[in-house]
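Counting in this note's numbering, the sequence shown runs from 167 upward without gaps.
We put the CB at the ideal spot given by N, CA and C, even for glycine.
Here's the structure, in structure tokens; my notes come after.
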Amino acid sequence: MRHNLSAQLRRQQETGFTLIETMMTVAVLVVVLGIVFSYIGRLQRVYKTEETKVDATQEARTLLDSLQRELHQAGFPGHNMYH
């Protein structure tokens with residue numbers, strides 16, 4: 167009977183996680199999440215930069231198209247007339 171009682175107590179003590187194990191798991195998760203969020207922040211900055219470049223290119227194309235139309239309306243020939 168005493169042997170059964172000590173085995174049962176030992177099993178109860180071994181179940182679950184210790185505070186140290188839980189704290190280590192939380193610490194590892196915090197480090198991993200920090201790395202992930204840092205990477206996401208970097209990706210957002212790259213996206214914004216590329217978006218700005220695309221917007222500037224589109225505005226330049228629109229300006230050049232408008233200038234070309236204005237020149238044609240003013241009577242200047244197109245670029246294919248010189249070949």
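Where the alpha helix (DSSP H) containing residue i begins and where it ends
{"i": "F242", "result": "Per DSSP, F242 belongs to no alpha helix (DSSP H) and is neither H nor E."}
CA-to-CA distance, residue j to residue i, given in whole angstroms
{"i": "T181", "j": "T218", "result": "56 Å"}
{"i": "E187", "j": "R208", "result": "32 Å"}
{"i": "Y205", "j": "V198", "result": "11 Å"}
{"i": "V194", "j": "I201", "result": "11 Å"}
{"i": "Q239", "j": "Q224", "result": "23 Å"}
{"i": "P243", "j": "L230", "result": "15 Å"}
{"i": "R190", "j": "E216", "result": "In the sequence under discussion, the amino acid at residue 190 is Met, which differs from the Arg named in the question. Straight-line Cα distance between these residues: approximately 39 Å."}
{"i": "K214", "j": "L185", "result": "43 Å"}
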